[in-house]
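K.L.:
I am attaching a structure below and will ask some questions about it afterwards.
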Amino acid sequence: MISGASRGIGAEIAAALAEAGYALSLGVRRPEAVRDRFGADGPDLLVHPYEATDPAAAPAWVAATLDRFGRIDVLVNNAGIATFVGLEDGDPDELDRLFAVDVKAPFLLIRAALPALKASGAGRVVNVASLSGKRVMGLNAGYQMAKHAVVALTHAVRRLGWEHGIRATALCPGYVATDLTAAVSDPPPEAMTDPKDLARLVVTVVGLPNTAAVAELLVNCRYEHML
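Here the numbering used here is used: the first residue of the sequence shown is 1, the next is one more, and so on.
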């Protein structure tokens with residue numbers, strides 16, 4: 001299961017996992033947006049409507065996935081937004097939406113998928129966080145707070161799921177060349193991390209045995225001190 005799989009990091013993760021032999025259940029706001037790349041539903045593909053701000057979306061998507069495939073082995077929480085909510089400017093009401101999409105939505109998806117992930121015995125959860133969830137550099141306090149929460153959520157999954165074989169990883173990239181960073185000029189797009197490389201890392205992480213768990217995966221395109 002991969003949320004936000006219509007473009008950017010999510011689409012590349014979906015493509016890489018499909019190439020590695022995984023069946024895909026893609027949760028997207030507009031199912032037609034992924035048809036050109038991934039095709040129509042079939043034995044190894046389910047494209048399901050998923051609206052992150054709708055609390056009913058998570059159990060509905062999980063139920064549809066189990067109905068189609070009978071199991072869930074990997075959940076990738078990729079859907080997210082990066083609305084600017086600073087301490088001095090930005091609409092504070094947007095903080096609610098930021099947390100609804102970036103924090104509450106993955107929380108609800110994990111909760112809905114937990115029984116199936118436990119049944120797998122080797123369930124994997126990858127939460128796409130950010131280096132902003134590990135340190136504070138810019139002034140987007142809302143986004144930084146949300147991504148710190150995603151890292152905490154990942155460790156909560158590790159704590160609860162460990163004895164059931166569930167392993168969780170917080171993927172924390174810096175600048176990635178996607179639509180989300182289209183307005184960023186420093187660094188330029190060609191100097192940013194390629195989302196395909198993040199996808200390769202996700203394939204590696206979810207394929208590791210239970211005895212080689214990666215809790216946090218920090219990926220950067222430039223050197224910086226990490227406190």
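Built from N, CA and C at the ideal position, the CB exists for glycine as well.
Per DSSP, Arg124 forms a beta bridge with which residues?
P.N.:
Note: Arg124 sits in a beta bridge opposite Val74 and Arg167.
K.L.:
Taking all protein chains shown into account, do 16 or more other C-beta atoms lie within 10 angstroms of the C-beta of Ala113, making it buried, or fewer, making it exposed?
P.N.:
With 16 or more other Cβ atoms within 10 Å, it is buried.
K.L.:
Tell me, please, whether the stretch 171-182 touches the stretch 205-223 by the rule of three or more beta-carbon pairs shorter than 8 Å.
P.N.:
Yes: at least three Cβ pairs fall under 8 Å.
K.L.:
My guess is that Leu120 and Arg71 are in contact by the Cβ rule of under 8 Å, so how many angstroms apart are they, rounded?
P.N.:
A small fix is needed here, since residue 120 is Ser in this sequence, not Leu. The Cβ separation is near 6 Å, so the contact holds.
K.L.:
Let me know if Trp162 comes out buried or exposed under the rule of 16 or more other beta-carbons within 10 Å of its beta-carbon.
P.N.:
Exposed, since its Cβ has fewer than 16 Cβ neighbours within 10 Å.
K.L.:
Val47 by DSSP, collapsed to three states: which one?
P.N.:
Reduced to three states, the DSSP call for Val47 is strand.
K.L.:
For the beta strand (DSSP E) holding Glu216, just list the boundary residues, first then last.
P.N.:
Looking at the DSSP string, the run of the beta strand (DSSP E) that includes Glu216 is Glu216 to Val219.
K.L.:
Taking a contact to mean a Cβ-Cβ separation below 9 Å, would you say Val76 touches Ser6 in this structure?
P.N.:
Cβ distance not < 9 Å, so Val76 and Ser6 don't count as in contact.
K.L.:
Does the pairing of the stretch 137-155 with the stretch 94-102 give three or more beta-carbon distances under 8 Å?
P.N.:
Flag = yes, the stretch 137-155 and the stretch 94-102 touch.
K.L.:
Could you give the uninterrupted runs of the alpha helix (DSSP H) lying entirely in the stretch 89-147, keeping only those of 4 residues or more?
P.N.:
94-99 and 105-120, all fully within the stretch 89-147.
K.L.:
Residue range of the beta strand (DSSP E) that Leu26 falls in?
P.N.:
First-last of the beta strand (DSSP E) with Leu26: Leu24 to Val28.
K.L.:
Write down the C-beta distance between Gly165 and Asn127 rounded to the nearest angstrom, noting that I regard them as a contact closer than 8 Å.
P.N.:
Rounded, the Cβ-Cβ distance is 18 Å, inconsistent with contact.
K.L.:
Under the DSSP definition of a beta bridge, which residues are partnered with Pro173?
P.N.:
Answer is Val219, bridged to Pro173.
K.L.:
Among the residues of its own chain, which have a CB less than 8 Å from the CB of Thr178, if the five just before and after it don't count?
P.N.:
The answer, listed in chain order, is Arg7, Gly8, Ile9 and Pro195.
K.L.:
Sort Ser130, Ile110, Gly142 and Asp102 by Cα distance to Asp91 and report the nearest one.
P.N.:
Nearest option by C-alpha distance: Gly142.
K.L.:
Please state whether the Cβ-Cβ distance between Val62 and Pro49 is less than 9 Å.
P.N.:
Not closer than 9 Å, so no.
K.L.:
By a C-beta neighbour count over all protein chains shown, 10 Å radius and 16 as the cutoff for buried, is Asp102 buried or exposed?
P.N.:
Answer is buried; the Cβ neighbour count reaches 16.
K.L.:
Where does Gly42 fall in DSSP's three states?
P.N.:
The answer is strand: DSSP assigns Gly42 an E or B state.
K.L.:
Compute the Euclidean distance between the alpha carbons of Glu88 and Ala191, then round it to the nearest angstrom.
P.N.:
Cα to Cα, Glu88 sits roughly 30 Å from Ala191.
K.L.:
So, is Tyr223 buried or exposed, given that buried needs 16 or more other C-beta atoms within 10 angstroms?
P.N.:
The residue is exposed, with fewer than 16 neighbouring Cβ atoms inside 10 Å.
K.L.:
How would you label Ala16, buried or exposed, when you count the other beta carbons within 10 angstroms and need 16 or more for buried?
P.N.:
Buried, since its Cβ has 16 or more Cβ neighbours within 10 Å.
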